[in-house]
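*Asks:* The numbers in the numbering used here rise by one with no breaks, and the one at position 114 of the sequence shown is 414. Glycine included, C-beta positions come from ideal geometry on N, C-alpha and C. Could you have a look at this structure, given as structure tokens, before my questions?
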Amino acid sequence: MYKRRARLAFASSAPGLAERASHIALARAGDWVEACSCPAGAVPSACDLLVTLDPAALKACPPLPRGCRHAHWPLSASSPEADIASRVDGLVGGMRLLARLDGSEAPGGPAPRLK
Numbered sequence: 301m302y303k304r305r306a307r308l309a310f311a312s313s314a315p316g317l318a319e320r321a322s323h324i325a326l327a328r329a330g331d332w333v334e335a336c337s338c339p340a341g342a343v344p345s346a347c348d349l350l351v352t353l354d355p356a357a358l359k360a361c362p363p364l365p366r367g368c369r370h371a372h373w374p375l376s377a378s379s380p381e382a383d384i385a386s387r388v389d390g391l392v393g394g395m396r397l398l399a400r401l402d403g404s405e406a407p408g409g410p411a412p413r414l415k
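In structure tokens:
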């Protein structure tokens with residue numbers, strides 16, 4: 301079903317937050333997604349989903365290129381990394397469910413199994 305990894309871009313007015321979000325996404329779901337960070341108001345040309353992480357990034361969200369969708373993930377001030385991890389898990393959980401329905405695997409190959 302999925303021929304390639306989904307391309308996620310995280311935008312924030314705090315560049316460190318967007319960078320951490322991309323690292324969390326890759327660590328938790330690298331077999332399903334490619335992730336990068338970008339400044340608020342920017343969108344990479346090859347992007348399937350732009351995720352804004354704060355009100356300033358949401359306000360600065362530019363018109364999206366064809367095929368790119370937008371999601372805003374408001375984060376708690378006390379544990380933004382936990383919020384990001386939970387949302388990435390939910391996003392990829394849906395992808396895994398759809399792939400299971402048609403008997404396919406992650407586009408990056410099967411996930412490594414722990415022994």
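Could you check where the alpha helix (DSSP H) with residue 351 kicks off and where it finishes?
*Replies:* That residue, residue 351, is in no alpha helix (DSSP H); its beta strand (DSSP E) goes 349–352.
*Asks:* On the three-state DSSP scale, how would you describe residue 376?
*Replies:* Coil, per DSSP.
*Asks:* Could you give the distance in angstroms between the alpha-carbon of residue 335 and the alpha-carbon of residue 388?
*Replies:* The straight-line gap from Cα to Cα measures roughly 11 Å.
*Asks:* Answer yes if the region 358–366 comes into contact with the region 318–328, meaning at least three C-beta pairs across the two stretches below 8 Å, and no otherwise.
*Replies:* With a cut-off of 8 Å, the region 358–366 and the region 318–328 do not count as touching, because too few Cβ pairs lie within range.
*Asks:* Quick check on residue 307: does DSSP put it in helix, strand or coil?
*Replies:* Three-state result, residue 307: strand.
*Asks:* Is residue 414 helix, strand or coil by DSSP?
*Replies:* With a pLDDT of 38 at residue 414, under the threshold of 50, the modelled position of this residue cannot be trusted, and the question is left open.
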